[in-house]
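Following: one structure in structure tokens, then a few remarks.
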Amino acid sequence: HNEMMSAIFTGDERFLSPLTLALLEDTGWYKADYSAAKIMPFGHAAGCEFVNKDCVIDGSIPEYSKDFFCSTESIAGCNANHKKWSLCDIKKHDE
1099 HNEMMSAIFT
1109 GDERFLSPLT
1119 LALLEDTGWY
1129 KADYSAAKIM
1139 PFGHAAGCEF
1149 VNKDCVIDGS
1159 IPEYSKDFFC
1169 STESIAGCNA
1179 NHKKWSLCDI
1189 KKHDE
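Here the sequence shown is numbered in my numbering, starting from 1099 and rising by one per residue.
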């Protein structure tokens, strides 16, 4: 998740997504060079359900969320771009 505007930094290469470039351009202060944009791997090509539905349902990962979310704390697996091992880091938030 190393998009420049994300809240998480994992030490990998940082990049700007087309969405961030569009946001910066919409401020009127910048003219974006979209040829420099990179697609963020997290959620890429996962479909509308990934955006519109819950990422974890009753403790299980739906098919559209597989490879992007985890449901068991401290379980090792691949990160979102499938380049490194990572651990599941689940935090509960009260509604």
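Note that CB positions come from ideal geometry on N, CA and C, so glycine has one too.
Small disclaimer: the values here were computed from a predicted structure and weren't measured.
task = Using the Cα positions of THR1118 and SER1158, report the straight-line distance between them to the nearest angstrom.
result = 31 Å
Legend entry - Run of the alpha helix (DSSP H) containing CYS1146, from where it starts to where it stops: 1146 to 1150
So, for LYS1136: in the same chain, excluding its five sequence neighbours on each side, which residues have a beta-carbon less than 6 Å away from its beta-carbon? PHE1113
Within 8 Å (strictly less), CB to CB, does ALA1105 reach chain C? Given the protein chain composition of this structure (a single chain), no chain C is represented.
Exercise for review: Report yes if the C-beta distance between CYS1176 and SER1163 is below 8 Å; otherwise report no.
Suggested key: no
Going by DSSP, what residues sit across from ALA1174 in a beta bridge? LEU1185
- Item | Sequence-distant residues of the same chain with beta carbon closer than 6 Å to TRP1183, five excluded per side | ALA1174
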